[in-house]
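Everything on this sheet refers to the single structure shown next.
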Amino acid sequence: MKATALIMAGGRGERFWPRSRQALPKQFLSLTDDGKTMIQLTVERISALVDLEDVYIATNEAYRELVLAQLPGLPEQNILCEPVGRNTAPCIGLGAMHISRKYEDALMMVLPSDHLVRSTPTFVRTICQGLEIAETSPNLVTIGITPNYPETGYGYIRYNPDETNGHAFAVDRFVEKPCLEKAQEYLRSGDYLWNSGMFLWRVSSILDNIKMHMPDLYDGLQTIGAAIGTPSETRILKEVFPTLPSESIDYGIMEKASHIFILPGNFGWDDVGSWLAMGRIRKSDAEGNVLRGNIATVDTNHCIIESSGKLIATVGIEDLIVIDTDDVTLICDKTHAGDIKKILAKLREEGQTQYL
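Anchor point for the sequence shown: position 169 equals 169 in UniProt numbering, and the numbering is continuous, going up by one each time.
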């Protein structure tokens, strides 16, 4: 069966401000040492499994030109521009409708555009295992990441180790982001995986589940689907898509459906959720600093520092994030990395939108 992919690339990456901006969000930035952007790495990672003509990018109109520039050869009609953000269920449903108009049925992988993977061969093997499970019956497969510390910023998935399908396990339940005590409990039990937001299924399987569990969404998708490839496609999309229920695929489908399986992923995954990720994915110096650009340090330890050109000199600091761009300099204690969004909220309140 033909393999296709939907890559979700509409986010703003606000926790990577000030490098990630509304005009150039995280998925279009190079955060690794190889110079490739996040979305380029995502597409490259699946190139052995999916032809570029069968890769679809879900984003918004503001990023259409960025996608075309960073993914040369991608068919322009494969850029699915959502008129408004309506969460992951409508996003995935829209992708499924486009694929179903091209193929009678197909395998569909759903991937975020802003994750990193250290071992592409292991990732590809895991995806192939999941596609085999998805192809044989109306199974919905997700990839779970084996946790190695009690992370409180991720959702978890509890699986049943006694009910298997190939290399996958039956899903018992989805769990929201836990407190530290709960996260430690999940880690000790060995029956929980991090929720990666990666999914594998047949297009027919996900559409059947949307029809069963989210009928309002299904009806709207049918209206949109009937217009695909016609002169009224853009108008219908703009009229109907904003009326679709704003719901995550986890809550709308995965927590309600049958035949849900999870594959453990051990391929060096990182969701690159904040500046703290730089300490995990980039090389550090002898003092534990992750430095990029024109930087001089004295008695500086465990800091993440980026310069856009001018010299940044530090003396006697530790555990700080210092990010300098042409018009903004961020200085943040590592323990408050998750609060960077509060600065953006403050800027909006003050009308300083040029910095967003």
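Here a beta-carbon is modelled for each residue, glycine too, at the ideal position from N, C-alpha and C. As the structure is a computational prediction, the values presented were derived from the model and not from experiment.
On the DSSP letters alone, give me the boundaries of the beta strand (DSSP E) that residue i sits inside.
i	result
P112	107 to 112
F199	192 to 202
V272	V272 -> no beta strand (DSSP E), and no H or E assigned at all.
L187	Careful: L187 lies outside any beta strand (DSSP E), inside the alpha helix (DSSP H) at 180 to 189.
I79	79 to 81
I need the straight-line Cα distance from residue i to residue j, nearest angstrom please.
i	j	result
I340	W17	7 Å
S20	I323	11 Å
D219	N209	13 Å
K334	V298	19 Å
A23	V67	12 Å
T32	L116	9 Å
Y154	F169	20 Å
M214	V290	46 Å
G273	Y149	16 Å
R64	F28	11 Å
I99	G11	22 Å
F241	I224	8 Å
residue 361	G288	A question about residue 361 goes unanswered here, because the residues of the chain that appear run from 1 up to 356.
I281	N266	16 Å
T314	E163	55 Å
H336	H302	15 Å
T88	S248	5 Å
G73	E53	8 Å
E151	S196	13 Å
C179	M109	31 Å
E318	S30	25 Å
S232	Q77	14 Å
K256	L356	38 Å
Q70	S113	12 Å
D327	Q354	10 Å
Just to confirm, are residue i and residue j a CB contact at a threshold of 9 Å?
i	j	result
L193	I157	yes
D191	N165	no
I39	Y56	no
A3	V43	no
I253	L140	yes
D216	L244	yes
P83	L237	yes
I331	I321	yes
I262	G144	yes
D105	M1	yes
I304	G338	no
L221	G93	yes
R15	W275	yes
L207	A96	yes
G268	R118	yes
Check the DSSP bridge columns for residue i and list the partner residues they point to.
i	result
P264	G144
D339	None, per the DSSP bridge assignment.
R173	R158
E61	Answer is none; E61 lacks a bridge partner.
Y330	The amino acid at residue 330 is misidentified as Tyr; the sequence shows Leu. Partner(s): I323.
I236	Bridge partners of I236: none, in fact.
T314	T297
A286	A286 is not bridged to any residue.
R118	DSSP lists no partner for R118.
Identify whether residue i lies in helix, strand or coil by the three-state DSSP scheme.
i	result
A5	strand
V322	strand
L31	coil
Y149	coil
N209	helix
N301	strand
C128	helix
L74	coil
R12	coil
V84	coil
L24	strand
A257	coil
Hey, quick one: how far does the alpha helix (DSSP H) through residue i stretch, first residue to last?
i	result
T88	88 to 102
A48	Run containing A48: none; DSSP gives neither H nor E here.
T223	215 to 227
I281	278 to 281
If you measure from the beta carbon of residue i to each beta carbon in chain C, is any gap under 9 Å?
i	result
A5	Absent from the structure is chain C; it holds one protein chain and no more.
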